[in-house]
Structures are given as C-alpha cells and as structure tokens.
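Residue numbers (my numbering), protein chains in the order written: chain A, 34 to 528; chain B, 5 to 513; chain C, -3 to 99; chain D, 548 to 1123.
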C-alpha cells in the first residue's frame, strides 16, 4: 500500500485510534504511554502536513468509508478549510500532550490512562470532522466528539464535575439531535444530497423560508459553536482539568463547532445563498450580541478559567459572525479566526493551568505579584491576550480586518460596532490579568518564594504555552499564505 | 438462496401451519411435563424450529414468492387460509426469534422468579402464547385472528400473573390487563362482525376485494373500522389506551416482560397495518381521515406525554414501559403519514424497537436477578458491579435515543426524513423533541449507574457479580444486533420496504 | 509677593555654578523683577511705531500696542480664572482611589 | 525578507528593539539605542534622493500593503523622530532596564514605520504596535501606573480598531483602495478615521489619556512617550485631512482649554501634558487651515515641539530623578542645586513661549500667519490667547515653581551627565532652529512645501511678539506682587476623564449591583416558575401523578369507549 492522499486521509483517523488502543496497553508504564501519544502526535502532524501540501496543490483527496444502515454514506473529503482545522488540531495536540504530561503528573491526577485514551479518541473525532465529506459524516464525528470528551469533562469525578458534565452532554446532545439532525434531514430532502460542494448544494430557486429555517437550525444545532443562548455548556465544562479545557475548549470541541458552522455555510448553503437568506441577518446580529454580551460577562468573572471560557464564547461568535455575514472576506475572516484564536486561547488556558499547577491559584484577584516569580508564563499570557485582542503584530489582528471588510461588503457596517466594542472589552478583561502579576506586589511574598522553588519542578507546564505564544506572534506574518491556501473554498476562489 | 436449499422442503411448504400448530400442541404437552428442565428443552426446540421455519419463509419472500397456505386444503373463502407475504414474515421471524432468546434467558430467570411447581406450566403457557401471536400474524382469516388474539392474550394474562411470586402487584396488573385486553378483543370481534355483515366473508383478501368494489362500503363497514382500530389500538397500547401496559410490564416476570414488550404489541400493530392498509384502504376517505387525525394525533400525544411520564418514573421497568408507549407513537406516526417511506420507517422501527427494548428489559431483568434492583435510584454503581450487563443496557439505551450507528438512529432518521419529504416539518420537530426526552430518561439511568459509587453494605462495597452467561448471551445478541443494524440496515430496509410495498400495493393480500 | 525665605546658604549644598546666580533668590531682585517687563513693554511699544503692521495683513483688532494689551488681559484672565476653577474641579488626591502619590 | 526589513527605516529600529529585548548587556543595548535612530536617519536621507525608488509593497491575502512610501511630508516626520530617538537614548543612558530599552526602540520604530506607511492597513499595524510597545513605558512607572496603563491601552486599542474600521469602510467605498492619502469627511469611514486619529491626537474630550498616562510613566518613559504617539497621529491627520475646516475649530479649542487646566494642575509633568495638548492644538489648527504655509508651519512646529517639549519633560524628569517628585507644591528654589537644568528648562520654556531666537518663534508664527491670511479672526484670537496661556503654564509656571519660588529646602545633586548632555543638545537645537543666520533656513528647507516663502524675523513680528510676552510677564509680576497669583495646592483636578473614571465606573458599579439584584430576583422568579411548572409536570406525569396513578379499571374502559366515540365521530365527519 503506497502512501498517497487516500491513505493519508485514512491515516488521519487511524493514527489517533491506534494511539487510543496502545495507550491502555501501556497503562502500567507511564513513560511509554506518553511516548505513544507523542509519537502518534508527530506522526499525525507529519501526515497532516503532507495532506496540506497536497491540498495546496489542488488535490482533494476523497475516501469512502462505506455506507452504514444502507443509505448513509460515510465519506471523507479534504478541502482547504478542513485541512486547516486538521493542521491546528494536530499541531496543538503535540504541544498540549507535553503540557498534559506536566500537568497531570504535577497535580498527581488519577486515571491518567483513561485521560490520554479519550484525548486520542477525541482527536480522531476532530480529524473526522475536519475531513468529513458530507453532513452525515460530520454529524457522526460531531457526536463522537461529544461522547469521547464527556469522560474528560467529568474526569475529576466529583459532584461538580458530574454536574458540569451533565450540562455539557445535555446541551450538546440535545441541540445536535433536536436541531442539527433535523437540519441535516432537511438538506437531504431539499437538496437531495448532504455532500459538501464549493458554492453550496441547494438547487436554484430553493425557498428562502426553507433556507432560513435550516440556517436557524444549524446555527443553534451546532451547540459546540456556543452561540448565545446555547453557550452554557462551555463555562460549565471548565470543571475539566485544564489540559482538557486547553485542547478541547480552545481547539478541538469549540473549533469543531465553528468549523462546522463555517463549512456548512460555505459548502452546503454557499456564500451567496447564505447571504440572500434573511435569517443570516438575524443570526449575524445574534452573533454580534453574543460577542459583546459574553465579553461583558467575562468582565465579571474572577475565576480565571471562567473568564477565559466567556472570552471563548465571545471569540467563537466572531467565526459565526463571519459565517453569517457570508461575504467572501467575512468567511475568510472566520477561517483565519479559527486558526488565530486557537493558538491564542490555548496559550491562555495553558498559562492558567501552569499557574494552577505551580501556584495552585485559580482566582484572578490572587495573582498579584505572581508574574515576578513566573515571568515566562505571565509573559506568554500577555502575548496570548494581545493576540486575542487582535493588535498587530499578533495573529489575532487579521481575522478582525477580514471580518470588518466582510461586514462592509455585506452592507452591515453597523456590526463593526460589535467588533470595536469587543476589542476594547478584551483589553479591559484580559490585559489586567497578566499585568497584575507583574505590577501588583505579592500578597504573601513568602508563599511566592516557595512558588519559585516549585516552578523548577514543573518545566513541562511552562514550555508549551511559551511555544504557543510565540506561535501566536509568528502567525501574524503568515496570514498571506494562509489566505491564499484558503481561497479555493470560495466559489470562483475570489476574495 | 443457498441456505434455503438446505431446508427440508416440508419446512417451507408447511411452514405456515407448522409455526402455529407446533407450539400450540406442544404447549399443551409441556404444561404437564414433570420436570422443568425437560419443559425448557422442549420449549427451546419448538421455538428454534419455529425460528428456522420463519427464517426459511422470509428467505422465500426475499426470493420473490408469497404463499397462500390453505388449512386442511380448503379453499378460501370457506376454509381458513394462512398468508405468507412481505408484511408478516418479518414479524413471524421476530416473534419466534424473540421466543428463542427469551427461552435461553429463561433458564436462570424463570428459576429465580417462578415457583418450582409452576415452571412447567409456565413454559406451556408461553408456548401457547407464542402460538397465538404467530397465528394472528400468519392467518388470513379475520375471525381466526380474533381466536389467536384471545389465545395469546389469555396465556399472557397467566404469564403476567406468574410474577406474583416475585411481586404481589402482578396479580392486580394481570387482572387489569385481562379486563382491558378483553375489551380490546371484544371491540375487535365486534368490528369483524360488522365487516362480515357488510361483506359476507371472513377471509381478509375477499373482504378487501369486496370493500374496494363497494368503494369503502356502507355504514356497517365504517363502524366496523372504528371498532377494529380501537380494539387493536388498545392491544398495541396506543395512547391513551395504554393503561394496562406499565403495570403488566413492571410486575410480570422479566422473561415475560421482554417477550411482551418485543412481540405482543408488535403483533397488534401488524394487525392494525394489515387491516388499515390491505383490508381497508387509505384511499377510503374515512380511513385516510382516521389515519391523519386520530392516529397521528394519538401518536404525537403518546410520544410526548409518555416520554415525559418516563422521565419521572422511579421504577426502571416502568420507565422503559412508558418509553415503549412513546415508541409506539413513532410507529403510528409512520403509519399515519402513510407514504411508502414512512410506512417502511415505521415498520423498521417496529422491528428495531423490539430488538432494543428486548435488550433493555433483558438487562433490567438481570439487575433484578442479581441484586433485586428495579428502582432507578438503586442503579448506583451498576457499571462497576455488572459491567457487561450495564454495557448491553448502555448500547440499548443509546439505540433508543437514536445515536448514529445504532438501530434506533436508522429508523428515526428514516421516519424524520419521510415526514420531511411529506412536508411535515413539525413532525420532525416532535421526533427530535422526543429523542431529547429520551436522552433525559435514559441519561438519568446511565448517569446514576456510571457516576455513583456502588452502595456499601455493612461497610463493604457490594461485590461485582456479573449476570449468568445464559442471560448475557441473548442480551448481548440483541445489543450487537442493534449495532449491526445501525451499521448496515440493508436486510432490514429490504424487509421494511417489502412490507411497505405490500401495504401500498396489496401484493399477496 | 509671597513669603520668601532665603534658605540658609550652606555652601556644601549649593552647586558651584549656582553661587553666581544666588542673586536670583534675593528679596531685592525679586521685588525689582517687575521692572524688567515694564521696561521691555515700554521699549517694544515704542518700537511699534517703527515697525507698523504690514498693510492688509493685520487682524481687525490690530492697533497700537494691541498685542501688549491682549497679552496682559489674556494672561490675567487665565491666572484669575484659576481660583474659581480650582474650587470647582479640585478633589482630594485619593479621589480616584488609585493613590495619586508620586512621592 | 532582507529587502523588506531594509525597505523602511522603522523596521530596522523595530528589529533593533527585538534584539535589545534579548540582550542582557546594558552597554550594548545603549549603543544600539543610539545607533539605530542615527542609522535610520541615514536611511531616510538616502531614500529622499530617489523617493519613487524607495517605495516598497508586498501582497498579503490579496491585499496590497505599501510598507514604504517616501515624500517630503513623511521625510520631516521621519527625521524628527530619529532626532528625538537620539536625544532620548542619551537621556536614558543611565537607566539599566531591558524592557524600557527594547520597548522604546520598538515604539520609535513603529512610529517611524507608521510615518512611511503607504496604506491604512500598514498604518494600522504600526498604530497598534506603537500603542502596545508604549504602554510598557507607562507601566514602567510603577504600581500606580497599572490602571492608567490599562486605560491607556484600552483607549489606544479603541483608536486602532476605529482606524481599522474607518480604513475598511473608506477602502471598500473606494473599490478596495486603502492608499493612505487624502480622505476627507465625505465618506463615513472618513469620520471614523478622524475619530481614531483624534483620540491619538488628543482632541478635546478624547485627550485624557495623555494627562492620565504620561505623568504616571517612568522618567525616561514620559520623555519618550511625549515624542511619538501624538505626533504620529498628527502626521496621519496631516496626510488624511489637510484643509478640513472642522479641524480649524477643533485645533483652536484644543489650544485654549488645556491652558485652564494647566494653570490649576499641581503635578508639573501633568502641566506639561496639558501643554503638549495645547501645542498639538496649534498644529491641528494648521492642518485644518491646510494652506501650503500652514502645512509648512505644522511640520516646522512639529520639529520644534518635539525638541522643546522633550526638553521640558527631560528637565522635569531630571528634577524628579533627583527629588523624587514633580509636584509644584513640593518643589522650589532648585536653581541652587541644579543650575544647568534650570538654564535648559528656561531655554525650553522660552522656546515654547516663542521668544525670538528660540524655536517656536519661527514655527508657531507660520500657523498664526496662515490663520491671518485666511481671515479666520476668531480662530486667530483664540490662538493668540492660547499663546499668552502658553507663556503662563509652560513659560512661567513650570520653571518658576520648580527652580525659583519659595525654597523648598531640597538640596540635591545636579542631574546626571547624560541627562545634561541630552538637555544641552536639545537646547542647542531649540536655538539652532530659530537661528536667524542659517538656522531656521535649514529647518525651512526640510518642510513639505519648500517653495513657500516665509520670513519670521520681520520687525513687526518681533515687536508684537515681544509685546505679548512682556505684557504677560508684567501681568505675572504684578499679580504676584499684589498677592493674587495662586499658590500650588495638591489636588486631583477633574477633567473629562471623570466621566469614565468616576461616572462611568460608578455607573458600571451601579449597573452591576442592579444586575446582581435583578438577576437574583429573576432567578427567584424563575425558580418559582420552574418549581411550580415542574411541580405541575411532576404531578401530571410522575408515578403518583394524574396520568399514571393506578386508576380503577373503569377509567380506562371509559377512555376506550370515548376513543371509540371519537373515532366514529371522525369517520362520520369524513363522510360529510
């Protein structure tokens, strides 16, 4: 069997699944177990890199995984948007694994084998979503992602974790079965296919009422995109250990949600139909309100992870906004936001995890002076914050630009106000966190001295966020190639 | 059809009669057998033969043949004829196969739940019940249907009442079932009487022909239709005629619960399909009206209300019982929409649900068998105490919810898709809402089982004690089957489409 | 003029260059400082005769010594407005609760 | 890549800043700090030889970014920024702080790059980069600058996104052309751009970040800050809105109102911040006038302002470095210990007050003359009034209260040598720019419109200016003598920032409290509602509930009967 785009596509699923099989086998030898995860991570990344190159050269690898239940075709097909998502998830998996090792060992967490296993399965599901060739496949991997992350969310096993997990599962399963599935059925019935195609699948003359209803169902059915008011699962899922929050709630799960949103608008509706659909205007307003409201709620959170969670809700709505504006530039902005936000937010979560591991602090008001003992972590946090805010030269500034252009192009200049307000709110709720660490004197200098000792033991919770922060900075300079890579997802490839 | 060539010819040619006669006769004999083990073996063999016969018949149906078996060589309309076509053969196979699985399961289960002296009669009653069900599905004669209906019902009353050694409430439940079942059967026979008045025949094919000649018939046919629908509706636990069901399911022996849940209501539903679509015709405006307004509204009400009721039940078996009522709603929705796709989906759900509910009730029975547990709150830590049983329960539960790769997903998706194609978007909404309710009532059980620690008795955690193999085999058989259907529903779809074809085109009717 | 004390001239503390400038702190210098602008004013106002406003490039109010008058009025207005403005706008230094103390 | 870095002088400085961030050796950093702006200045010089050839553009995601665009307007700003960079480097030589060094370089580099940016997107990038690098300088001011820094950053990010939004609206209305050139107010994007630039430039009501953050920054930080941010904004205005009438009035108001705040403010660095605002007003007004002379005046005054305002901040910094405070009420009589600083400060004060032979005399007058030529009489009057005001707060108040006035008794050392050198150089420049024999001619030769003739040293100009200044001095002496000149008192002076620091904060606190109360009430109501609803549902559906209670067998029988009746009724209806 030669290594060609098809096999690479299959390996996308196979590599993490092999890891998921091997990890429990080596449960008694933690070092080998972790090595398996890392090797799988690098193998997957290499594989994705090949695929990205192929896709960049216009190859669209396609692989049927057969049909199930007679008439449901499971089909993988990689296009630039999916390749991008796969690239983010696979690259951050490696960094997050390093971080996870540091975190889990540093905090003496139980059930580490189960943890690594389900992370690997979740990655497989995320890869499946990235490469899904039709809505059914997308739906199946989407559900798989929910189920495989459920044990991760409830990892701690205490009452709080169970409650959070219950809300997580209930909202995600409920919306996907109650809204997403009917929407998929609707697409199948109206368009006769659920395949993804550049420019959309609906026949000309499809009633705009029908597309409005479908768009509505998709927007709220994809609960992972955390559009208000289906967002509460996200803050509630923060009971998970921080590596989970980092990978799954900055990368895999939420990004799977907004990726699906973008993919459906681009490949099922097609930008022009989505823009004509009256519902898209309403939903872009919902997204804009989500952006601002979640930021305001974030302001009020003292718990670091809770604040980051609401910040995520807000930032995810950027992508939804991009999808709903449906202008080519807006879709490009949404796609770039997926990339940039992933790197920025995972940095912030990892930093939060590092702070917890080293100093055992979770409240922002308790971070005074900690930056002096943990300068790298707080420095990384600052860079991540700036990227989220979207100031150059951080990657986060590009999506904002494209979204603004998109908003103008689709005649909704008023929505710029949401983006502007959000930037200012981001400054107010994100920057003080890191700066407080540097500037405020420590509340208890003795404890901090102890932390400085602790810090040396936890190298692996500190290095990964520094790397991702650097990544968030570097990405600024690669917006051009990324935009070129993504262009073919738009009909006519035109911006 | 290589398998078919391995069959002895008589098993196919006389299969229709054999299916009914064999269990009926041997049931009587079994009842008086001295030893329970012997009774069990006989039962197993009989049900196996029936399954083989039903499977053979199904293969012939797939081969494109239908059979009209004349009892004793008498031609219809005067003699009693058995019809073997695409509509009833899958149900025949379902009933007999479920009977086999129940029997296997019964070896430990019956020993635990039924008094030793009553065990042989228990198996006898069971076989007679099987015979009744098979008979009412196989027969092509309306009065014969009534006879078998009564045969199966009476034996079922007995079987339910046998639960008394476990829970005295079984007696009241059985009594209630008896009263209501009798009302249903009476309504049915009154309906058949009206039809006879109208058409002068009891043969269903003749009735159909005459009715269609009459363009739906006079007032007698109308009233007959109403009686038949309500009578069968009661038997198949159509909302709000379901009141006998929760008690009967909850207090009968586990074995009986499984069998009832997966076959009795299904057979009744089959009859409703048979009468509504092949004896009558949806093109008769009164049939169409009843389907659209009565059946659909009762289906939707049942789906929603029974699901809500299921959420609040403290007893796991009652939860599942209410869930059954809700699931009947799905099937009735398929019937009510009345397109080929929807009928196929409803029919598929009929079979899938039997499989799913079978697995679930098997598991619940095993919990009782090991720990005496029936209440949901006692499920604490079951995932650790009985991991395999709980695993089967989980698969069944997910399938009931309709998670992809399970049987439940296929039939629900088909049903929703059929409703959408018909432009009934609200029905898609109801289906999805009910699925969400299903998440709640199944999720509630799963959460307790997986997330709460096993109880402690005298300061020690209750030890792990897996169900016996004889229980696990049928349970996992059904669980795996539900996943297999979820992965590849080709044969199921083919059977369901065949059934829908029979219903709409009247082939073989 | 406000109270003015010549601080004890401690030679150690005074910058060598400043020793030559100490007259700046003398009472006499301070009291007589006002003559410097007066003389300057007189000279420049006189000079205004020699250098008139160029034709066509003068503001409507430009006339003899107008800039001096304007400067005087404007300056006095600014300084005199300080009192009421201070009353209106001044608050305690800890008003914003951020400790505005530099020292 | 190398091409790109060498294309714009600012990039070299930014790169130097990045290098500095990684360099542990202070001396090398200082050398870089000094050499980088000189080298950049040389690059500007070479680029001016062939302005078209210096142009450099790249394409990012389908968007053309003009990273380098050279013309005479940009040139003088570039030179001035480099010059300021050199002075600042010398001034900060004693300070061993990696963050200050690197952020100062990045900040300066961003400002220079922004000046040479050829389109709005590039401008936006450096606009924001200047903000985030400069906020580090604010935060170097110590713990008290923490909230001020956050406010500073928030306001600048707001300015940045407004710039971006405005640019996008403008560019899209122009068919995707983002060229950074004349914009005007016809396009709604233009209004956003104006607001964005106005924030950074300290327009009235948008100015508070200057007085909020600058006095709280570190000593060198304030000096560095004063040179670039607002001047970059001014450049943007000069580029995008020359001749926009609105700016004339905005500028005129900007010259006047800070005067009143400066006179009551106690913190001298804050006084200078108001003074900065007031000088910006002159230039904004000049941009609004937009004539060739006015634009020349703006550019020239910019050059003068950067130097003399830097000088004043430097002298106050030196005082603060030695005494630890810059509050007028704590200072006085310092000429005894810091004579050089005193002299330099006086030169700076004289420059800003526009004494003949000192820089503002040859620059500010161009703007005022331009107003005169345009017959903007009210504006002219306001500018003159403001000139008198400048004399008060910067010309008299700052040096007087620091170095003269009553002796505070503080005996400190003279400022460090490097500070004196920097101040000395700045003083020389202040004189050189106004030197009648080759000095101002040199400055004028660098202006955007070199063909415009203007001669500052006319008899009338000297005489009238001296009249104004002597009259102001006379008023000062008179008021002092009769005892109505106000003493300095410590206080927090309310300005427009009260609206967000106090009012806004209180409103936010109030809303928060109300929100908490409301959500508690709503929560209670919702709980009551849900409780009663779930109660009802429970009573309906639970095993004990109405639907499932073990009703007597009669009920199901009745139900069955009614269902039959219903069905028959439906059938009957269907027959109608």
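We put the beta carbon where it would ideally sit given N, CA and C, even for glycine.
Point to revise | Cutoff 8 angstroms: residue 464 (chain A) Cβ touching any chain D Cβ | key: What you label residue 464 (chain A) is simply residue 431 of the first chain in a count that begins at 1. So, interface residue.
Point to revise | Spatially closest choice to residue 78 (chain C) from D:580, D:1040, D:668, D:764, by CA coordinates | key: Within the third chain, the letter at position 82 stands for residue 78 (chain C). Ranking the options by Cα distance to residue 78 (chain C), first place goes to D:1040.
Review point. When the Cβ atoms of the region 265 to 272 of chain B are set against those of the region 292 to 310 of chain B, are three or more pairs found closer than 8 angstroms?
Key: no
Review point. Taking the C-alpha atoms as reference points, what is the distance between residue 697 (chain D) and residue 134 (chain A)?
Key: Here the question's residue 697 (chain D) lines up with position 150 in the fourth chain. Here the question's residue 134 (chain A) lines up with position 101 in the first chain. Each residue's alpha carbon lies about 35 angstroms from the other.
Check your understanding: Any C-beta of chain B sitting closer than 8 angstroms to the C-beta of residue 263 (chain A)?
Key -> Here the question's residue 263 (chain A) lines up with position 230 in the first chain. No - not a single Cβ of chain B is within 8 angstroms of the one on residue 263 (chain A).
**Study point:** Short Cβ contact (8 angstroms threshold) for residue 262 (chain B) with residue 198 (chain B)
**Key:** Within the second chain, numbered from 1, the residue matching residue 262 (chain B) stands at position 258. Within the second chain, numbered from 1, the residue matching residue 198 (chain B) stands at position 194. Against a cut-off of 8 angstroms, the Cβ pair of residue 198 (chain B) and residue 262 (chain B) comes out as no contact.
Check your understanding: Could you check where the beta strand (DSSP E) with residue 612 (chain D) kicks off and where it finishes?
Key -> Position 65 of the fourth chain, counted from the first residue, corresponds to residue 612 (chain D). Residue 612 (chain D) -> beta strand (DSSP E) spans 610 to 615.
Exercise for review: Kindly indicate which three-state DSSP category residue 290 (chain B) falls into: helix, strand or coil?
Suggested key: Here the question's residue 290 (chain B) lines up with position 286 in the second chain. Here residue 290 (chain B) sits in helix by DSSP.
Check your understanding: Among residues of its own chain, excluding the 5 on either side of residue 438 (chain A), which ones have a beta-carbon nearer than 6 angstroms to its beta-carbon?
Key -> Position 405 of the first chain, counting from 1, holds the residue named residue 438 (chain A). Taken in chain order, the residues that qualify are 362.
Exercise for review: Could you tell me which chain D residues have their CB closer than 8 angstroms to the CB of residue 424 (chain A), listed as they occur along the chain?
Suggested key: As a working note, residue 424 (chain A) is residue 391 in the first chain. Those within 8 angstroms of residue 424 (chain A) in chain D are 675, 676, 678, 679, 704, 707.
Practice item. Evaluate residue 659 (chain D) with the Cβ neighbour count: other Cβ atoms within 10 Å of its Cβ, from every protein chain shown; 16 or more gives buried, anything less gives exposed. Key: On the fourth chain, residue 659 (chain D) is found 112 positions in, with the first residue counted as 1. By the neighbour-count rule (16 or more Cβ atoms within 10 Å), residue 659 (chain D) is buried.
Practice item. Write down the C-beta distance between residue 213 (chain A) and residue 250 (chain A) rounded to the nearest angstrom, noting that I regard them as a contact closer than 8 angstroms. Key: As a position in the first chain, residue 213 (chain A) is number 180, starting the count at 1. As a position in the first chain, residue 250 (chain A) is number 217, starting the count at 1. Going by Cβ atoms, the distance from residue 213 (chain A) to residue 250 (chain A) rounds to 7 angstroms, so yes, they are a contact pair.
Review point. Which one or two residues does DSSP pair with residue 726 (chain D) in a beta bridge?
Key: Reading the fourth chain from its first residue, position 179 is the one you call residue 726 (chain D). DSSP output for residue 726 (chain D) lists D:666 as bridge partner(s).
Practice item. Out of D:968, D:651, D:691, state which residue places its alpha-carbon closest to the alpha-carbon of residue 678 (chain D). Key: As a working mapping, residue 678 (chain D) is identified with position 131 in the fourth chain. That would be D:651, whose Cα lies nearest to the Cα of residue 678 (chain D).
Point to revise | Interface flag, residue 1039 (chain D) vs chain A, CB-CB below 8 angstroms | key: In the fourth chain, the residue the question calls residue 1039 (chain D) occupies position 492. Judged by the 8 angstroms Cβ criterion, residue 1039 (chain D) is not in contact with chain A.
Practice item. Given a cut-off of 8 angstroms, decide if residue 38 (chain A) and residue 92 (chain A) are closer than it, judged by their beta-carbon atoms. Key: Taking the first residue of the first chain as 1, we reach residue 92 (chain A) at position 59. Taking the first residue of the first chain as 1, we reach residue 38 (chain A) at position 5. The answer is yes: Cβ separation under 8 angstroms.
Point to revise | Complete runs of the beta strand (DSSP E) confined to the region 47 to 122 of chain B [at least 3 residues] | key: 71 to 74, 85 to 88
Review point. If you draw a straight line from the C-alpha of residue 241 (chain B) to the C-alpha of residue 172 (chain B), how long is it?
Key: Here residue 241 (chain B) refers to the residue found at position 237 when the second chain is read from its first residue. Here residue 172 (chain B) refers to the residue found at position 168 when the second chain is read from its first residue. Near 23 angstroms, if we compare the C-alpha coordinates of residue 172 (chain B) and residue 241 (chain B).
Check your understanding: Can at least three beta-carbon pairs, one atom from the region 868 to 888 of chain D and one from the region 948 to 961 of chain D, be found at a separation below 8 angstroms?
Key -> yes
Review point. With DSSP run on the structure shown, which of helix, strand or coil describes residue 21 (chain A)?
Key: Shown here, chain A extends from 34 to 528; a query on residue 21 (chain A) therefore has no answer.
Review point. Secondary structure at residue 1005 (chain D), three-state DSSP: helix, strand or coil?
Key: The residue you call residue 1005 (chain D) lines up with position 458 of the fourth chain. Three-state DSSP puts residue 1005 (chain D) in coil, outside helix and strand.
Check your understanding: Quick check: the region 1005 to 1020 of chain D against the region 850 to 859 of chain D, are there 3 or more CB pairs under 8 angstroms?
Key -> no
Check your understanding: residue 165 (chain A) by DSSP, collapsed to three states: which one?
Key -> To locate residue 165 (chain A), count along the first chain from 1; it is residue 132. In this structure, residue 165 (chain A) counts as strand in the three-state DSSP scheme.
Check your understanding: How many Å lie between residue 513 (chain B) and residue 428 (chain B) at the Cα?
Key -> Along the second chain, read from residue 1 onward, the residue named residue 513 (chain B) stands at position 509. Along the second chain, read from residue 1 onward, the residue named residue 428 (chain B) stands at position 424. Confidence at residue 513 (chain B) is low in this model, with a pLDDT of 38, below 50, so its placement is unreliable and the value that follows should be read with caution. Near 29 angstroms, if we compare the C-alpha coordinates of residue 428 (chain B) and residue 513 (chain B).
Review point. Can you find a C-beta in chain D that's less than 8 angstroms from the C-beta of residue 25 (chain C)?
Key: Counting from one through the third chain, the residue named residue 25 (chain C) turns up at place 29. So, not an interface residue.
Exercise for review: State the Cα-Cα distance for the pair residue 470 (chain B) and residue 467 (chain A), rounded to the nearest angstrom.
Suggested key: Working through the second chain from its first residue, we reach residue 470 (chain B) at position 466. Working through the first chain from its first residue, we reach residue 467 (chain A) at position 434. Taking the straight line joining both Cα atoms gives about 54 angstroms.
Check your understanding: Could you give the distance in angstroms between the alpha-carbon of residue 97 (chain B) and the alpha-carbon of residue 131 (chain B)?
Key -> Taking the first residue of the second chain as 1, we reach residue 97 (chain B) at position 93. Taking the first residue of the second chain as 1, we reach residue 131 (chain B) at position 127. Approximately 15 angstroms, taken between the alpha carbons.
Point to revise | residue 989 (chain D): first and last residue of the uninterrupted alpha helix (DSSP H) it sits in | key: Position 442 of the fourth chain, counted from the start, is the residue given in the question as residue 989 (chain D). Where residue 989 (chain D) is concerned, the enclosing alpha helix (DSSP H) stretches over 986 to 992.
Practice item. State buried or exposed for residue 507 (chain A), treating a residue as buried only when at least 16 other CB atoms are found within 10 Å of its CB. Key: By one-based count along the first chain, residue 507 (chain A) stands at place 474. Burial call: exposed.
Review point. Excluding five sequence neighbours on each side, which residues of the same chain lie with their C-beta closer than 6 angstroms to the C-beta of residue 2 (chain C)?
Key: By 1-based counting over the third chain, the position of residue 2 (chain C) is 6. With a pLDDT of only 46 at residue 2 (chain C), under the threshold of 50, the placement of this residue in the model should not be trusted; the figure read from the coordinates follows. Closer than 6 angstroms at the Cβ level, and outside the excluded window around residue 2 (chain C), lie 21.
Review point. Relative to the alpha-carbon of residue 772 (chain D), which residue among D:688, D:710, D:845 has its alpha-carbon at the smallest distance?
Key: Walking along the fourth chain from the start, residue 772 (chain D) turns up at place 225. Comparing Cα positions, the closest option is D:688.
Point to revise | Runs of alpha helix (DSSP H) lying entirely within the region 8 to 58 of chain C, each at least 4 residues, in chain order | key: 12 to 15, 23 to 28, 31 to 46
Review point. Who are the neighbours of residue 60 (chain C) on chain D, taking C-beta pairs under 8 angstroms?
Key: Sequence index remark: in the third chain, residue 60 (chain C) carries index 64 (1-based). Chain D residues near residue 60 (chain C): none, gap ~10 angstroms exceeds 8 angstroms.
Check your understanding: What are the residues that DSSP puts in a beta bridge with residue 95 (chain A)?
Key -> Within the first chain, residue 95 (chain A) is the residue found at index 62, counting from 1. Answer is A:110.
Practice item. Name the two residues that bound the continuous beta strand (DSSP E) containing residue 486 (chain B). Key: Numbered from its first residue, the second chain carries residue 486 (chain B) at position 482. Not the beta strand (DSSP E): residue 486 (chain B) falls in the alpha helix (DSSP H), residues 473 to 491.
Review point. Between which two residues does the beta strand (DSSP E) harbouring residue 212 (chain B) extend?
Key: The count along the second chain starts at 1 and reaches residue 212 (chain B) at position 208. No beta strand (DSSP E) holds residue 212 (chain B); the alpha helix (DSSP H) holding it covers 208 to 217.
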